[in-house]
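Contents: one structure, followed by commentary.
In the UniProt record's numbering, the protein residues as written are 1 to 78.
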């Protein structure tokens with residue numbers, strides 16, 4: 001099975017995945033990207049009220065095969 005690498009950017013820090021995950025198919029890649037974004041979102045509180053978190057998935061040749069992003073925004077209303 002092929003190995004895929006999940007690089008992330010949270011608006012401040014870029015994290016390059018050097019280990020990767022061995023995954024069988026597209027649904028597994030999508031699920032792994034969602035799990036990674038979910039973990040990042042739960043650990044972030046946007047300091048400026050907004051941040052975009054992006055995961056780019058690359059194959060073993062370094063070619064981007066998938067991208068997933070989420071926007072996190074918060075603001076005080078009172």
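Idealized CB from N, CA, C, for every residue including glycine. Every value quoted in this text rests on a predicted model; they were computed, and no experiment measured them.
- The residues 5, 6, 7, in chain order, have a CB closer than 6 Å to that of residue 17 in the same chain once the five nearest residues on each side in sequence are set aside.
- In the DSSP annotation of this structure, the continuous segment of the beta strand (DSSP E) that includes residue 68 starts and ends at 64–73.
- In the DSSP assignment, residue 7 forms a beta bridge with 56.
- Looking at the backbone, the Cα of residue 41 and that of residue 10 are separated by about 9 Å.
- Here residue 41 carries a helix assignment [DSSP, helix/strand/coil].
- Under the DSSP definition of a beta bridge, residue 15 partners with 8.
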